[in-house]
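A.B. asks: Okay, here's the structure, questions in a sec.
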Amino acid sequence: MKFQHWLGLAALLISGLLLWSLRDVLIHLFAGVVLAMALCTLVGALRERWSLARPLALLVCLLGLASVVAIAVAVILPPFFSQFQQLLLQLPAAARELQQIITAWLSSASTLVYGQNSQPAITPSDLSNGLSGLPSGSALASGVTGSLKGLLGLAGNVGSGLVQLLFVIAVTLMVSIQPVAYREVGIQLVPSFYRRRARTILLQCGDALSSWMIGVLISSFCVAVLAGIGLTLLGVKLVVANALLAGLLNVIPNVGPTLSTVFPMSVALVDAPWKALAVLVFYVVIQNVESYVITPSVMQHQVNLLPGLTLTAQFIFTVLFGPLGLLMALPLAVVLQVLIREIVIHDLLDPWKKRRVNA
C-alpha cells in the first residue's frame, strides 16, 4: 500500500472513532431529521392539493400543528394526566390482588398434591415473607441520602432533556425550511462520481421514511380507537388514559404493545379478575388486527420490515443509543434497509455477480 492509501485508512479509522464518540449527538440529529421529514411530507401534501408556495405551506403546517398541540393541552391532556395518575395508583392494588390470586391457586394446588393436613416444603405464604421487614435506622438514613442524590440527578436529567429537546426542535425547523440545501450538503461529502446516485438513494430514504410515518400514525390512531371502544364495552375504568397509551406505545413495535397491556389489565384486575383476562384477550386481538389487517393495508406498497429484523434493530440501537435508540429503532431500520438494498446489493454485489458470470 502506498502512503496515500495508509493516510486514507487512518482518516477512515479516525472518522469512525469520532462518529462513535458523537453517537448521542447523531441520534438526536437523526430524530430531528425524522421529524423534519414528517413536516416536509405535510408541506408537500398541502402544496400538491392547493398549489401553495413552500414558505406559505410550511407556515400553515406549523400553525396547524401549534393549534393541534394547544387543543390537546387544553382538552385531552388534563383528563389524560388525571387518569394516568389514578392508573399509577392502581398498580400496587393490582399487584396485591395478583399476589392473593396466585396464593389462592398455590394453596389449592398444594392441597391437591400434599393433602389437606400435610405441609409442603414451600408454602404459598413464602411469596410475601420478603415484604414484611422494616428498614433499620442506618438503612433509613442511607435511603434518605440516596433519595436526595436521586432528586439532584433527576433535576440534572430534566435540564439535559430540555436542552436535547430544543436541539431536536431546532434541527427539525432548520431542515424543514431548506431541505434541499441540507441534502446537497450531505451529498457533497460523497465522491463526485457517486453524487448523482447518492441523491437518488437519499430521495428513496426520504420516501421510505414518509411512508413509514404515515402508516404508523394511521395504525396508532386505529389502535387507540379500537382500545377505547373495547375498554368501554368491557366496563374498564380510565378509558382515555389507556386508549391514548395504546396508541402512543404502538409506535414502538414488540415492546410498546406489551407495555400498553399492563395498565388496563391492572385496572381490570382490581375490579374483577375475569376482566383482566378479557382485556388481555382483547388486546391480543387488537394487535393481530393491527399487524395483519391495518398495517398491510396502509403499507401495501411501502416499506415492510420482518418482525425478527425489527426486534434485532430495537435491541442493537437500544444498546448503542439508549432509550432514544429504542424509539428511533424503526426509522433507523427503514433507512438502513434502503441503504443496504441500494448500495450493498444493487451497487456492489450485483455488478460483482455479473462480472463473475461474464468471466
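Residue numbers (the working numbering): 42 to 400.
A virtual CB, placed ideally from N, CA and C, is assigned to each residue, including glycine.
The model shown is predicted, which means the values in this text are computed figures rather than measured ones.
What does a CB cutoff of less than 7 Å around arginine 240 pick up in its chain, not counting 5 residues either side in sequence?
C.D. replies: Within the same chain, arginine 240 has close Cβ partners Ile228.
A.B. asks: How many angstroms separate the CA atom of leucine 352 from the CA atom of lysine 43?
C.D. replies: Answer to the nearest angstrom: the Cα atoms are 43 Å apart.
A.B. asks: Taking contact to mean 3 or more Cβ pairs, one atom from each stretch, closer than 8 Å, check whether the stretch 289 to 308 and the stretch 242 to 250 are in contact.
C.D. replies: Contact fails: fewer than three Cβ-Cβ distances are below 8 Å.
A.B. asks: Would you mind working out which of Gln219, Leu243, Leu80 sits nearest leucine 230, comparing C-alpha positions?
C.D. replies: Closest option to leucine 230, Cα to Cα, is Leu243.
A.B. asks: Measure the CB-CB distance between proline 314 and isoleucine 142 and report whether it falls below 9 Å.
C.D. replies: In this structure, isoleucine 142 lies closer than 9 Å to proline 314 by Cβ.
A.B. asks: Quick one: Cα of valine 325 to Cα of alanine 268, how far?
C.D. replies: Whole-angstrom Cα-Cα distance: 11 Å.
A.B. asks: Work out the CA separation of valine 360 and methionine 369 for me, nearest whole Å.
C.D. replies: Straight-line Cα distance between these residues: approximately 12 Å.
A.B. asks: How many Å lie between leucine 272 and glutamine 355 at the Cα?
C.D. replies: So the two alpha carbons sit approximately 29 Å from each other.
A.B. asks: Taking C-alpha atoms, which residue in Val101, Cys263, Val308 lies nearest to leucine 321?
C.D. replies: Residue Val308 is the option with its Cα nearest to leucine 321.
A.B. asks: Specify, as a first and last residue, the run of the alpha helix (DSSP H) that arginine 382 falls within.
C.D. replies: Segment: none, arginine 382 is in no alpha helix (DSSP H) and carries neither H nor E.
A.B. asks: Could you tell me whether the Cβ atoms of isoleucine 259 and glycine 73 are closer together than 9 Å?
C.D. replies: Cβ atoms of isoleucine 259 and glycine 73: not closer than 9 Å.
A.B. asks: Have a look at threonine 336 and leucine 50 and give me their C-alpha separation to the nearest angstrom.
C.D. replies: Distance between the alpha carbons of threonine 336 and leucine 50 is about 44 Å.
A.B. asks: Looking at cysteine 102: is its Cβ nearer than 9 Å to the Cβ of leucine 80?
C.D. replies: Taking 9 Å as the Cβ cut-off, cysteine 102 and leucine 80 qualify as a contacting pair.
A.B. asks: Taking buried to mean at least 16 other C-beta atoms within 10 Å of its own C-beta, is glutamine 131 buried or exposed?
C.D. replies: With 16 or more Cβ atoms within 10 Å of its Cβ, glutamine 131 is classed as buried.
A.B. asks: Return the first residue and the last residue of the alpha helix (DSSP H) that leucine 67 is part of.
C.D. replies: 64 to 91 is the extent of the alpha helix (DSSP H) around leucine 67.
A.B. asks: For glutamate 331, count neighbouring Cβ atoms within 10 angstroms of its own Cβ and tell me buried if that reaches 16, exposed if not.
C.D. replies: Glutamate 331 is buried by the Cβ-count criterion.
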